[in-house]
Amino acid sequence: MSLSWLTEFPEMDRSDLLAIRKTLDAAYRDFSRSYGDAIESVFDPLLRFLVWFEQLLLNTPWLIIIAVILTIVYRASRAWKLTVGVAISLGLIGYFGMWDDTMRTLSIITVCTLLSIVLGIPIGILMSGSKRIQGIVTPILDVMQTMPAFVYLIPVVMLLGIGKIPGVIAVVIYAIPPVIRLTNLGIRLVDKEVLEASAAYGANRWQTLWGVQMPLAMPTIMAGINQTIMMALAMVVIASMIGVKGLGQPVLKAITNQYFTLGLFNGLAIVALAIIFDRVSQAYAKRAQRHLGGDHHE
Amino acid sequence: MSDVLIKISGLYKVFGKNPQEALAQVKAGKTKDELLVETSHTLGLEDINLEINRGEIFVVMGLSGSGKSTLIRHFNRLIDPTAGSITIDGVDVMGLSSSELREFRRHKISMVFQRFGLLPHKTVQENVAFGLKVQNIGKVERLEKAGKWLQDVGLSGYENQFPSQLSGGQQQRVGLARALCTDADILLMDEAFSALDPLIRSEMQDQLIDLQERLQKTIVFITHDLDEALRLGDRIAILRDGKVVQVGEPKDILLNPADDYVESFVKDVNRARALTVETVMKAPKYRITADTIGEALAQMKTLKSDYGYYVSDEGYQGVVTQESLEQALKAGSEESDTKDSVVDDVPVLSTQDLLENVLPETLDNAHPLAVVSEDGKLEGQLSRGEIAKVLGNN
Ligand SMILES: Nc1ncnc2c1ncn2[C@@H]1O[C@H](COP(=O)(O)OP(=O)(O)O)[C@@H](O)[C@H]1O
Ligand SMILES: [Mg+2]
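Chain order of the listed sequences is A and B.
Each position in the first sequence, counted from 1, maps to that position plus 384 in the numbering used here.
Each position in the second sequence, counted from 1, maps to that position plus 97 in the numbering used here.
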């Protein structure tokens, strides 16, 4: 009698494994053949918006764009230093010839972030209201966050081909978990006595949600949004593999052709965008929630 | 005579997975500890029966964990009972649908919390207006009303501050104003002053008493502090391990504690600070009503006393003694006013004075001192012997 199962894992039969893979692949391919077009048309409005927004950023004179961005930065943060820093970064990006790519990336990040917020916050709210939903959603989020991004690019591309929409979907899948998780967490952490007060004065669920839970959860939710933006930026390079234009494509080109400087510059531009988004959203969050933090005196 | 506003009967609350089954065991005689060990259910409240009258401050007192917070949350059904009925102003609160319950909470009953429960992102004025906002009352109207109540609790000028910018006492005033702003008849206060410093706490108690005098709400006040209970309560219920062990007026609790548990509370209380003159005074014995000296002297003789309290149509006038009357007679005639012979410098006590405050005067005087109500009527007398008896048998 041989003891080979001790030294070698008793594997499934090769042909069986192959059969499984073939069946699943074929099934999914059939699915995408028959429904791909329908699903694509569902995303049509999104695509049109995406294109419109990208064109808007690309066609507007750079001076106006910078003026608008600086206004937003200043109004959100009320910090001169940050505003000046952003102005210098944008100036350098343009000077080094990365303006158009930066605008493309900016447009897709903005859309992905908005989409993540619009989808993620309601899911987080539902989770916070029910142990069962939380029990279902949490493992899904775990998988979404740990699954290598390349793996779920495959079905998306099979379904929708290469282009902006699959890129957006991939980025959103990758970046949405923090918003969902932290919305759920933030709402669950709301002071029980404040909730009791809300109930004691006869507030209904809607009033409690929007008048008490969401505002008090906002610092946590903002932290989630901030993480989501950062993850979306990180995903931009990977998404460029499936046809998303922007700063990711030169980076990809630099990797395949070993253009170190090209990679570095575009990489730095992504970092600059990340820092701008991060600082501005954090400064805004801090300013908006200055009264939530206990004994802070203005 | 008294008008019952809130009636609770046969109320039980069991916390745990299967409260009904655990309740059956409680009714079969299991104690709180046995229930916890054997079934891991917590007996929160056991067979509570209470009647609370309109316009009174009803205090529920007990040690931490005795079920006070659980009990008070049944009044507005923040907690639902395992068994029992709650009737408020003729309405069966347990029978309300969820939308009826919301209406009931909006208009009928409001609540003040131990750690204030304010919205940190809203201004003080918006916090006070919270109850009205929930009722969908317009912004201008609700803020105006909130402003008025802020003034009433002594916080005008703080309208646009945020709760975190206020001291604890000020924050609780906001909590109080919020509760008053909905014009609810019933105010629930769960250890509302327990988180405050002693000095601030006593200020808040005074303020509550003042407000209550004007507003005549029905207040259910929770505390673990007997001094506070005695100070505020028209009646006090004492809770132990989820059961009511005694209900009564402060003086009943102090002078006739129902069991050792109550006695152990009462032991540490400074009675001089807890009891008012009214609760220990005796009926006035020597009442002189004659308006002329001659008649007054005659009256005193029939009373077999050498002093008396002269009372005219306008109420209590002062102490007259045999000596002062005779002196006045010498100086004038039998027809002179009794009023002129009133002895100067004899202190008068008021019914609402705390014993502590009248101790020196009472001990200084050989005669019992007169006790007078707010509108000047003679209500009773207090001797140093009486005081010694009450304070002595601690
Ligand atoms: N939600 C709950 N689940 C389980 N046990 C509870 C719950 N709320 C209160 N209890 C228990 O009920 C008892 C009374 O608690 P509580 O009403 O908070 O007391 P108090 O307010 O007098 O300090 C305590 O033994 C407490 O542990
Ligand atoms: Mg409590």
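By construction, the Cβ of each residue, glycine as well, lies at the ideal position given by its N, Cα and C atoms.
Exercise. What is the DSSP secondary structure of Arg384/B, counted as helix, strand or coil?
Worked result: Strand at Arg384/B.
Exercise. For the segment 541–564 of chain A, which residues have a CB atom closer than 7 Å to at least one CB atom of chain B, in sequence order?
Worked result: Along the segment 541–564 of chain A, none of the residues has a CB nearer than 7 Å to a CB of chain B.
Problem set entry | Nonlocal neighbours in the same chain, by C-beta distance under 7 Å from Phe427/A, ignoring five residues either side | Taken in chain order, the residues that qualify are Ile549.
For this session: Leaving aside the five residues before and after Leu312/B along the sequence, list all residues of the same chain whose C-beta is less than 8 Å from its C-beta, in chain order.
Result: Closer than 8 Å at the Cβ level, and outside the excluded window around Leu312/B, lie Leu277.
Exercise. Which residues have their C-beta within less than 6 Å of a heavy atom of ligand 1, listed in chain order?
Worked result: Residue list for ligand 1: Phe112/B, Thr139/B, Gly141/B, Gly159/B, Ser161/B, Gly162/B, Ser163/B, Gly164/B, Lys165/B, Ser166/B and Thr167/B (CB closer than 6 Å to any heavy atom, chain order).
Exercise. Of the residues that make up the segment 173–188 of chain B, which ones have a beta carbon closer than 7 Å to any beta carbon in chain A?
Worked result: Within the segment 173–188 of chain B, the residues whose Cβ lies closer than 7 Å to some Cβ of chain A are Asn173 and Leu175, listed in chain order.
For this session: Would you mind reading off the limits of the alpha helix (DSSP H) that contains Glu325/B?
Result: Boundaries of the alpha helix (DSSP H) harbouring Glu325/B: Leu323 to Leu329, taken from the DSSP string.
Exercise. Given that Asn588/A touches chain B, what residues does it touch there, using C-beta distances under 7 Å?
Worked result: Within chain B, the residues near Asn588/A are Arg199.
Exercise. Under three-state DSSP, which class holds Gln262/B?
Worked result: Helix at Gln262/B.
Exercise. In terms of residues, what are the limits of the beta strand (DSSP E) holding Arg212/B?
Worked result: First-last for Arg212/B: undefined, no H or E at that position.
Problem set entry | C-alpha distance - Leu446/B paired with Tyr404/B, whole-angstrom precision | Approximately 17 Å, taken between the alpha carbons.
Exercise. If Leu479/B and Met378/B are in contact, beta carbons under 8 Å, what's the gap, nearest whole angstrom?
Worked result: Going by Cβ atoms, the distance from Leu479/B to Met378/B rounds to 5 Å, so yes, they are a contact pair.
Exercise. Gly228/B versus chain A: which residues are under 8 Å apart at the beta carbon?
Worked result: Chain A residues near Gly228/B: Tyr585 and Gly586.
Problem set entry | Any C-beta of chain B under 7 Å from that of Ala463/A | Cβ-Cβ to chain B under 7 Å: no for Ala463/A.
Problem set entry | Status (buried if at least 16 other CB within 10 Å, exposed otherwise) for Met396/A | Here Met396/A is exposed, its C-beta having fewer than 16 other C-beta atoms within 10 Å.
Exercise. Taking the C-alpha atoms as reference points, what is the distance between Glu458/B and Tyr406/B?
Worked result: Straight-line Cα distance between these residues: approximately 17 Å.
Exercise. So which residues of chain B does Gln597/A contact, with C-beta pairs closer than 9 Å?
Worked result: Those within 9 Å of Gln597/A in chain B number zero; the least Cβ separation is about 11 Å.
Exercise. Does the distance from the CB of Leu676/A to the CB of Pro562/A come in under 7 Å?
Worked result: Remark: C-beta atoms of Leu676/A and Pro562/A do not approach each other more closely than 7 Å.
For this session: Could you name each continuous alpha helix (DSSP H) segment of 4 residues or more that falls completely within the segment 447–480 of chain B, going from the start of the chain to the end?
Result: Here the runs fully enclosed are 452–461.
Problem set entry | Proximity test, Cβ basis, 7 Å: Arg239/B and chain A | Nearest CB-CB separation between Arg239/B and chain A: not below the 7 Å threshold.
Exercise. Does DSSP classify Leu102/B as helix, strand or coil?
Worked result: Strand at Leu102/B.
Problem set entry | alpha helix (DSSP H) runs wholly inside the segment 630–667 of chain A, at least 4 long, in chain order | If we require 4 residues or more, the alpha helix (DSSP H) runs fully inside the segment 630–667 of chain A come out as 632–641.
Exercise. Just the Cα atoms here: how many angstroms apart are Phe480/A and Ala471/A?
Worked result: Here the alpha carbon of Phe480/A sits roughly 14 Å from the alpha carbon of Ala471/A.
Exercise. Are Ile456/A and Gly504/A close, meaning C-beta to C-beta below 7 Å?
Worked result: Pairing Ile456/A with Gly504/A gives a Cβ-Cβ distance that is not under 7 Å.
Exercise. Nearest chain B C-beta to Val578/A closer than 7 Å, yes or no?
Worked result: Yes - at least one Cβ of chain B is within 7 Å of the one on Val578/A.
For this session: In the DSSP assignment, find the unbroken alpha helix (DSSP H) run with Ser361/B in it and report its ends.
Result: Per DSSP, Ser361/B belongs to the alpha helix (DSSP H) from Asp357 to Lys364.
For this session: With DSSP as the reference, label Gln275/B as helix, strand or coil.
Result: First, the amino acid is wrong: residue 275/B is Arg here, not Gln. Residue state, collapsed to three classes: helix.
Exercise. Buried or exposed: Met531/A, going by 16 or more other Cβ atoms within 10 Å of its Cβ?
Worked result: With fewer than 16 other CB atoms across the displayed protein chains lying within 10 angstroms of its CB, Met531/A is exposed.
Exercise. Using a Cβ-Cβ distance under 7 Å, would Leu566/A count as near chain B?
Worked result: Chain B has no Cβ within less than 7 Å of the Cβ of Leu566/A.
For this session: Find the residues of chain A that neighbour Arg202/B, judging by a C-beta separation of less than 9 Å, and give them in chain order.
Result: Chain order gives the chain A residues near Arg202/B as Ala583, Ala584, Tyr585, Gly586 and Ala587, where near means a beta carbon separation below 9 Å.
Exercise. Going along chain B in order, which residues have a C-beta closer than 9 Å to the C-beta of Leu600/A?
Worked result: Result: Leu216, Pro217 and His218.
For this session: Would you tell me roughly how many angstroms separate the C-alpha atoms of Val156/B and Ala334/B, rounded to the nearest one?
Result: When rounded, the distance between both Cα atoms is 6 Å.
Exercise. What residue does the alpha helix (DSSP H) around Leu120/B start on, and which one ends it?
Worked result: Residues Pro116 to Lys124.
Exercise. Hey, is Ser261/B's beta-carbon within less than 7 Å of any beta-carbon in chain A?
Worked result: At least one chain A Cβ lies under 7 Å of Ser261/B.
Exercise. If you draw a straight line from the C-alpha of Tyr585/A to the C-alpha of Ile605/A, how long is it?
Worked result: Computed Cα separation, rounded: 26 Å.
Problem set entry | Separation of Pro217/B from Gly678/A, as counted between CA atoms | Note that Gly678/A scores 46 on pLDDT, short of 50, meaning its location in the model is unreliable; the coordinates nonetheless yield the value given after this. In a straight line, the C-alpha of Gly678/A is about 8 Å away from that of Pro217/B.
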